[in-house]
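*Asks:* Just so we're aligned, residue 88 is where the sequence shown starts under the working numbering, counting upward by one. The beta carbon of each residue, even a glycine, is placed where N, CA and C say it ideally should be. Please read all numbers here as calculations on a predicted model, not as lab measurements. Have a look at this one before I ask anything.
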Amino acid sequence: MSAEMKYVNEKHMLQYSLKEQLVHGMRVSNLAYGVAKELRMSQEFCQDMAVAGMLHDIGKELVSSELEKEEERLLVEEIHYVRLHPQAGYEILERRGYSQRVLETVRYHHENMDGSGYPENLAGEGIPLGARIVRVCDVYAALTSDRPYRTAFDKKTAVELMIESVKDFDVKVFLAFQHYIHSREEKKIILPDIVVKSAGTDDQMMEKGDELWH
């Protein structure tokens, strides 16, 4: 994926509707669960990946609402707000009692293996495995979905674009991911009850999130 495409992706990250974000979360959840299974992780780990995949972008709603309060803003400021969403999501979910693995995955799912990601520029195995898994699944799910500025890429093209940016990914995870998507269809899974019980309504989640800004 070119630097220009990454820039465009980040610029438009907050323009998705709640429905689009939920659909994206479900896809990442299914993919992350499947990749964790492919890596032969424990069932508990796989379930945590399902939860983290579903909720990895929950901080976007809070960050988006805060950004809308700004009448005039520069693109650089928009990007700054976008990059707050992993930490915002982490803090929302921490208050709801999610597991440490889920919290770390949400917080670091935009870190890159070469240290070029955010929020902390972690690199290599310093990035939690869950975050490395969701990183790959998040990019693929985004590439294979329609966006405001382009139509969805097919599976082959999406993987080719990801290979261009393979330095961002854990190679072992990326290979497991490719094996998973090529050997079977994405399967629907039943998420653990904690997703449904603790999520509440959209308004309840936003009310909890608002505390971060006061």
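Mind checking who T234 pairs with in its DSSP beta bridge?
*Replies:* Along the sequence shown, read from residue 1 onward, the residue named residue 234 stands at position 147. Residue 234 is actually Arg in this sequence, not Thr. Partner(s): R237.
*Asks:* Within 10 angstroms of the Cβ of G184, are there 16 or more other Cβ atoms? Answer buried if so, exposed if not.
*Replies:* As a first step, residue 184 is located in the sequence shown; it is residue number 97 there, counting from the start. The residue is exposed, with fewer than 16 neighbouring Cβ atoms inside 10 Å.
*Asks:* State the CB to CB distance for the pair C224 and L126, rounded to an integer number of angstroms; the pair is presumed to be in contact (CB under 8 Å).
*Replies:* Reading the sequence shown from its first residue, position 137 is the one you call residue 224. Reading the sequence shown from its first residue, position 39 is the one you call residue 126. Rounded, the Cβ-Cβ distance is 12 Å, inconsistent with contact.
*Asks:* How far does the alpha helix (DSSP H) with D135 in it reach, from first residue to last?
*Replies:* Taking the sequence shown and counting its residues from 1, the one referred to as residue 135 is at position 48. Run containing D135: Q130 to L142, per the alpha helix (DSSP H) assignment.
*Asks:* Report yes if the C-beta distance between G217 and R188 is below 8 Å; otherwise report no.
*Replies:* The count along the sequence shown starts at 1 and reaches residue 217 at position 130. The count along the sequence shown starts at 1 and reaches residue 188 at position 101. Taking 8 Å as the Cβ cut-off, G217 and R188 qualify as a contacting pair.
*Asks:* What is the rounded straight-line gap between the Cα of D233 and the Cα of V226?
*Replies:* On the sequence shown, residue 233 is found 146 positions in, with the first residue counted as 1. On the sequence shown, residue 226 is found 139 positions in, with the first residue counted as 1. Those two C-alpha atoms are separated by around 13 Å.
*Asks:* Taking only three categories from DSSP, how would you classify S252?
*Replies:* In the sequence shown, counting from the first residue as 1, residue 252 sits at position 165. Three-state result, S252: coil.
*Asks:* Could you tell me the distance, in whole angstroms, from the CA atom of A239 to the CA atom of L248?
*Replies:* As a first step, residue 239 is located in the sequence shown; it is residue number 152 there, counting from the start. As a first step, residue 248 is located in the sequence shown; it is residue number 161 there, counting from the start. Spanning the two alpha carbons is a distance of roughly 12 Å.
*Asks:* Specify, as a first and last residue, the run of the alpha helix (DSSP H) that S203 falls within.
*Replies:* Indexing the sequence shown from 1 puts residue 203 at position 116. Neither: S203 is in no alpha helix (DSSP H) and is coded neither H nor E.
*Asks:* Compare the Cα-Cα distances from V221 to each of G112, S203 and E181 and report the closest residue.
*Replies:* One-based indexing of the sequence shown puts residue 221 at position 134. Comparing Cα-Cα distances from V221 to each of G112, S203 and E181, the minimum goes to G112.
*Asks:* Would the beta-carbon of E198 fall within 8 Å of that of L209?
*Replies:* Taking the sequence shown and counting its residues from 1, the one referred to as residue 198 is at position 111. Taking the sequence shown and counting its residues from 1, the one referred to as residue 209 is at position 122. Result yes, Cβ atoms of E198 and L209 sit closer than 8 Å.
*Asks:* Applying the criterion that 16 or more other CB atoms from any shown protein chain within 10 Å of the CB defines a buried residue, is Y195 buried or exposed?
*Replies:* Here the question's residue 195 lines up with position 108 in the sequence shown. Answer is buried; the Cβ neighbour count reaches 16.
*Asks:* Beta-carbon within less than 6 Å of P206's beta-carbon, same chain only, minus the 5 sequence neighbours each way: which residues are those?
*Replies:* Taking the sequence shown and counting its residues from 1, one reaches residue 206 at position 119. Around P206: P173 and Q174.
*Asks:* Answer with buried or exposed for L278, where buried requires no fewer than 16 other C-beta atoms within 10 angstroms of its C-beta.
*Replies:* Translated into positions along the sequence shown, residue 278 becomes position 191. Residue placement at L278 cannot be trusted, given a pLDDT of 46 that sits under 50; the coordinates are not used to answer.
*Asks:* Could you spell out the range, first to last residue, of the alpha helix (DSSP H) harbouring S270?
*Replies:* As a first step, residue 270 is located in the sequence shown; it is residue number 183 there, counting from the start. Residues V258 to S270.
*Asks:* A210 by DSSP, collapsed to three states: which one?
*Replies:* Along the sequence shown, one-based indexing puts residue 210 at 123. In the structure shown, A210 sits in coil (DSSP, three-state: anything other than H, G, I, E or B).
*Asks:* If I follow the unbroken alpha helix (DSSP H) through Y195, where does it start and stop?
*Replies:* Counting from one through the sequence shown, the residue named residue 195 turns up at place 108. Its alpha helix (DSSP H) spans residues Q187 to Y195.
*Asks:* Is it true that the CB of F264 sits closer than 8 Å to the CB of V122?
*Replies:* Along the sequence shown, one-based indexing puts residue 122 at 35. Along the sequence shown, one-based indexing puts residue 264 at 177. Yes. Within cutoff.
*Asks:* By how many angstroms is the C-alpha of L171 removed from the C-alpha of V115?
*Replies:* Along the sequence shown, read from residue 1 onward, the residue named residue 115 stands at position 28. Along the sequence shown, read from residue 1 onward, the residue named residue 171 stands at position 84. Computed Cα separation, rounded: 20 Å.
*Asks:* Could you pull the start and end residues of the alpha helix (DSSP H) that R182 belongs to?
*Replies:* For the purposes of this step, residue 182 is identified with residue 95 of the sequence shown, where counting begins at 1. Unbroken alpha helix (DSSP H) run through R182: H172 to R182.
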